[in-house]
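S.K.:
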Amino acid sequence: MGMRRVNWTITERQHRALKRLSQETGLSISELVRRAIDKYIGLVGEEGQEREGRVEQRRGER
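In structure tokens:
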């Protein structure tokens, strides 16, 4: 898997929380962010698939 460098702006609160989680878990802030993004993409993807399924189901009912 290739990696891309990105530069994002986050709030002070978000940064403090990420630093704390990083210290607690031993994971880098970058790894925490990657995992959070993957989890979000999974959630959105599941919701999207559910919506598509409902649309297809409605089409079949016509």
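Residue numbers (this note's numbering): 3 to 64.
All residues carry an ideal CB built from backbone N, CA and C; glycine is no exception.
Which two residues bound the contiguous alpha helix (DSSP H) that contains Leu-29?
M.R.: Per DSSP, Leu-29 belongs to no alpha helix (DSSP H) and is neither H nor E.
S.K.: Which residues in the same chain as Ser-30 place their Cβ atom closer than 7 Å to its Cβ, once the five residues preceding and following it in sequence are excluded?
M.R.: These residues qualify, in order along the chain: Ser-24.
S.K.: If we ignore side chains and look at the alpha-carbon of each, how far apart do Arg-7 and Glu-14 end up?
M.R.: Roughly 21 Å between the two C-alpha positions.
S.K.: Whose C-beta lies closer than 6 Å to the C-beta of Trp-10 among residues of the same chain, with five residues either side of it excluded?
M.R.: Nothing listed; no residue qualifies.
S.K.: Helix, strand or coil: how does DSSP classify Ile-12 here?
M.R.: Coil, per DSSP.
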